[in-house]
Amino acid sequence: MPRKFLLVCLLVCTLRGFAEKGNRPGSAVSGSISGTVVDVNDGIVPGATVVLHCESPCKEESAVAGDTGSFEFKSLSLGSRYEIAVRAEGFKDWTSAPITLTPEQSVFLLTDVRIEAARTTESVTVYASRDEIATEQVRLAEHQRVLGVIPNFYVVYDPKNAVPLSSKLKFKLAMRTALDPVTVSGVVLLAGVQQAGGTPNYVGGAKGYGQRLGADAASGFSSILLGSAILPSLLHQDPRYFCQGTGTTSSRLKHAIFSPFITRGDNGRSQVNFSSLGGDLASSALSETYFPNSNRGPGLVFGNFAIGTGERMAGAVLQEFILRRLTPSARKQREGVR
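Going by the numbering used here, the sequence shown opens with residue 7, and the numbers climb by one from there.
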């Protein structure tokens, strides 16, 4: 009996020793990492995605924070290096410092999982109407002057972004050109040259100069108004010259020479330039009413028409190759409203 009692006591002591050994620090074989996801104001963030990154050979794990924002990864190998990454919609990503589980610290509680709200950037795009864009483009064009002096209003240096002009803008630009001080000065100078040469066949003296001045003013005004406002409005054509600016010299030269005959319609398509041709022809025909009888006839009409068309061709060539460089505000038009 005493021997059996001693054996039982020995067995109990042995089992107790094993139990105490398992409960001593440093005896764990796996660990866990847990925590609670909150915002900077300590508000719970449920539904956040929590990813456990670890060194090989262990595999990454992921979990979703519960309704209380809590998460936990269990059965983690000791001695491995771990990181916790948190992602949540509307918040910046968060990553913990490296965590190493040891037998002495196998249960790790993250107490600083605070994620910041992401900054939101709103993009506001303002769209202008076609008429508003055209108005601004005309405003920029009205500041185009060769060498800062000579009007250069009817040239578009950015044809890809040009929009059609309304009838109101066509008349506005025509009147702005006709009444510009430089235009008026040119008419006065031309009348003086004609007076000196005795052409057309008006009388001499102040009366003759006045007649020549009136004839030149009427011809210039009617040509601008008919070819740049009235007919373009009726025929829905654009009275401006669209500078090509790029390409081979021959293609640009061809584009310029044919500009009095081919123009852009308000629909964006190429059309026969009835506005320019009709304006020059109608203006030349009107000169029959105020030129001296000795100068009237088909020669006057078609001669002036040919001169007007030739001037447009020469002007377009100059625009394409020379005047663009001499117009300081041409760059502003290219960088203007689009």
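We put the CB at the ideal spot given by N, CA and C, even for glycine.
Treat the numbers as computed from the prediction; the structure is a model and nothing was measured.
Select from the options the residue whose C-alpha is nearest the C-alpha of residue i.
i, options, result
"alanine 54", "Leu196, Ala184 and Arg93", "Arg93"
"leucine 231", "Tyr88, Gly309 and Leu287", "Leu287"
"threonine 117", "Gly233, Asn279, Val43 and Thr254", "Val43"
"proline 245", "Ser256, Ala223, Gly274 and Asp222", "Gly274"
"isoleucine 139", "Arg120, Val119, Ser76 and Leu171", "Leu171"
"arginine 125", "His149, Gly285, Gly96 and Met319", "Gly96"
"valine 51", "Ala71, Ser62 and Pro206", "Ala71"
"proline 334", "Gln150, Ser191 and Ala223", "Gln150"
"isoleucine 121", "Asp137, Tyr133 and Ala91", "Ala91"
"threonine 295", "Ser239, Ala221, Arg331 and Arg270", "Ala221"
"alanine 180", "Gly226, Arg136 and Gly192", "Gly226"
"glycine 233", "Tyr215, Gly284 and Asn299", "Gly284"
"leucine 237", "Leu153, Asn299 and Ser173", "Ser173"
"arginine 318", "Gln277, Pro206, Ile268 and Val209", "Ile268"
"isoleucine 156", "Ser256, Leu185 and Gly210", "Leu185"
"phenylalanine 264", "Gly41, Gly305, Thr315 and Thr252", "Thr315"
"alanine 69", "Ser62, Val57, Glu61 and Pro63", "Val57"
"asparagine 207", "Leu306, Ser191, Arg330 and Thr74", "Leu306"
"threonine 101", "Val323, Cys60, Leu107 and Leu84", "Cys60"
"aspartate 45", "Val119, Glu89 and Lys213", "Val119"
"arginine 136", "Thr106, Val169 and Ile105", "Val169"
"threonine 141", "Thr74, Thr254 and Lys178", "Lys178"
CB residue i to CB residue j, shorter than 7 Å?
i, j, result
"serine 112", "glycine 49", "no"
"glutamate 67", "phenylalanine 77", "no"
"lysine 166", "alanine 235", "no"
"arginine 218", "glutamine 200", "yes"
"serine 62", "leucine 115", "no"
"leucine 329", "valine 152", "yes"
"serine 228", "serine 289", "yes"
Could you name the residues that DSSP lists as bridge partners for residue i?
i, result
"phenylalanine 77", "Gly41"
"valine 56", "Ala69 and Val92"
"isoleucine 268", "Val278"
"leucine 324", "Note: leucine 324 sits in no beta bridge, so no partner."
"serine 36", "Ser83"
"isoleucine 139", "BP columns for isoleucine 139 are empty, so no partner."
"leucine 259", "DSSP output for leucine 259 lists no bridge partner at all."
"isoleucine 105", "Tyr88"
"valine 152", "Ile156"
"glutamine 243", "Gly271"
"arginine 120", "Val44"
"valine 113", "Ser38"
For residue i, is the beta carbon positioned less than 6 Å from some heavy atom of the ligand ATP?
i, result
"arginine 93", "Questions concerning the ligand ATP fall outside what the structure shown contains, since it holds no ligand whatsoever."
I'd like to know if residue i contacts chain B, where contact means its C-beta is closer than 7 Å to some C-beta of that chain.
i, result
"threonine 183", "This model lacks chain B altogether; it includes just one protein chain."
(request) Flag this pair as touching only if the segment 244 to 262 and the segment 147 to 162 have three or more C-beta atom pairs under 8 Å; answer yes or no. (result) yes
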